[in-house]
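Heads up, the thing below is written out as structure tokens.
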Amino acid sequence: MIETDTISVDADQLTVSAKEVGRYAGGSHYKLDARMKSLATSMLETASVLIKPVYTYVVHSSEFINPQKGIRLKTGSYIEIPEEENDPQIVSLAAVVCTLGSALEKETHRLMNNGDLLTAMLLDAAGVAKLEMLAYMARIYIKNMAAEIGLFTGCPFGPGYNNMPLDSQTILFDHLDAERIGVRLNDSGVMLPMKSISFWLRVTRDPKAAEDHGYKCQKCEMQNCLYRKVPYKRQ
76 MIETDTISVD ADQLTVSAKE VGRYAGGSHY KLDARMKSLA TSMLETASVL IKPVYTYVVH
136 SSEFINPQKG IRLKTGSYIE IPEEENDPQI VSLAAVVCTL GSALEKETHR LMNNGDLLTA
196 MLLDAAGVAK LEMLAYMARI YIKNMAAEIG LFTGCPFGPG YNNMPLDSQT ILFDHLDAER
256 IGVRLNDSGV MLPMKSISFW LRVTRDPKAA EDHGYKCQKC EMQNCLYRKV PYKRQ
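Start counting the sequence shown at 76; every next residue gets the next number (the numbering used here).
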């Protein structure tokens, strides 16, 4: 299973509720009143006009797992992975980068500079919610592709998730051409445009992985996270 592809998504396919905008703006327990719900809905519409959703992925075949170094890919490189992702039945590892482009963040900065902080905050939150939905669609696409050949995918993991350091971003970017969708890393290892997200996804023969194909919160140990969506699932 070796695939390289770039897929553009219609902005209107990224269906997101005003409630999700509220969650990214004020946390999981934030409740939108009628005025804020109306503004959040308006910002979702604005976001759909501004964004250009696209993702790229590469599926690298794996050779084996070294407990000290991580997964060895057929490229010869090792990818350090979270302990819970150690899976002797791993067949391959997908590297994925998704982005909405730069127009939304430029509009957010314009609103902030004009002093319209509330609208800027909600537009930014709408962008985050849309980006998370794009990442979800990318995961489902790879999951379905794996299922066609009798394989399964696990929960996404990557730079900044749980215990994986942000500086491992450069390693992920070494394994796919993110610039083909306009994404690059700055000197600090931060993706530009900032409304971008990256992750690894394991492809395995183990059907139990299908049980783990949930939201990344279930693998994150930050119990007090303001934005937690689902409870932590102990292994």
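Just so it is clear, CB atoms sit at the ideal spot from N, CA and C, and this is done for glycine as well.
Since the model is a prediction, treat every value here as computed from it, not as a measurement.
Cβ separation of residue i and residue j, assumed to be a contact under 8 Å, to the nearest whole Å
{"i": "residue 369", "j": "residue 210", "result": "There is simply no residue 369 to check, as the chain begins at 76 and stops at 310 in what is shown."}
{"i": "residue 208", "j": "residue 91", "result": "6 Å"}
{"i": "residue 156", "j": "residue 232", "result": "7 Å"}
{"i": "residue 118", "j": "residue 201", "result": "4 Å"}
{"i": "residue 123", "j": "residue 80", "result": "Not quite, the Cβ-Cβ distance comes to about 24 Å (not below 8 Å), so this is no contact."}
{"i": "residue 114", "j": "residue 194", "result": "7 Å"}
Residue i to residue j span [Cα, whole Å]
{"i": "residue 227", "j": "residue 143", "result": "25 Å"}
{"i": "residue 116", "j": "residue 174", "result": "21 Å"}
{"i": "residue 279", "j": "residue 219", "result": "13 Å"}
{"i": "residue 188", "j": "residue 258", "result": "25 Å"}
{"i": "residue 120", "j": "residue 112", "result": "12 Å"}
{"i": "residue 181", "j": "residue 93", "result": "22 Å"}
{"i": "residue 104", "j": "residue 256", "result": "35 Å"}
{"i": "residue 131", "j": "residue 82", "result": "6 Å"}
{"i": "residue 222", "j": "residue 133", "result": "17 Å"}
{"i": "residue 127", "j": "residue 214", "result": "18 Å"}
{"i": "residue 254", "j": "residue 196", "result": "28 Å"}
{"i": "residue 192", "j": "residue 236", "result": "28 Å"}
{"i": "residue 107", "j": "residue 101", "result": "9 Å"}
{"i": "residue 110", "j": "residue 190", "result": "19 Å"}
{"i": "residue 246", "j": "residue 151", "result": "13 Å"}
Neighbourhood of residue i by C-beta distance below 6 Å, restricted to the same chain and skipping five residues each side
{"i": "residue 178", "result": "125"}
{"i": "residue 274", "result": "171, 231, 233"}
{"i": "residue 206", "result": "175, 270, 272"}
Counterpart residues of residue i in DSSP-defined beta bridges
{"i": "residue 134", "result": "169"}
{"i": "residue 53", "result": "The question about residue 53 has no answer here: the residues shown for the chain are numbered 76 through 310."}
{"i": "residue 147", "result": "139, 153"}
{"i": "residue 277", "result": "168"}
{"i": "residue 271", "result": "174"}
{"i": "residue 82", "result": "130"}
{"i": "residue 116", "result": "Residue 116 pairs with nothing; no bridge assigned."}
{"i": "residue 248", "result": "According to DSSP, residue 248 bridges with nothing at all."}
{"i": "residue 121", "result": "In the DSSP output, where bridge partners are listed per residue, residue 121 has none listed."}
{"i": "residue 228", "result": "278"}
Same chain, Cβ closer than 7 Å to residue i, five either side skipped, listed in chain order
{"i": "residue 282", "result": "227"}
{"i": "residue 89", "result": "128, 205, 208, 209"}
{"i": "residue 212", "result": "84"}
{"i": "residue 238", "result": "157"}
{"i": "residue 160", "result": "229, 232, 277"}
Own chain residues within Cβ distance below 8 Å of residue i, not counting five before or after
{"i": "residue 162", "result": "140, 229, 277, 279, 281, 284"}
{"i": "residue 137", "result": "146, 147, 148, 149, 165, 166, 167, 168"}
{"i": "residue 198", "result": "118, 121, 122, 179, 182, 183, 186"}
{"i": "residue 153", "result": "141, 144, 145, 146, 147"}
{"i": "residue 217", "result": "132, 134, 169, 171, 228, 276, 278"}
Would you check if the region 250 to 257 and the region 164 to 175 touch, i.e. whether three or more CB-CB distances between them fall below 8 Å?
-> Flag = yes, the region 164 to 175 and the region 250 to 257 touch.
With a cut-off of 8 Å, do at least 3 Cβ pairs link the region 260 to 278 to the region 225 to 245?
-> yes
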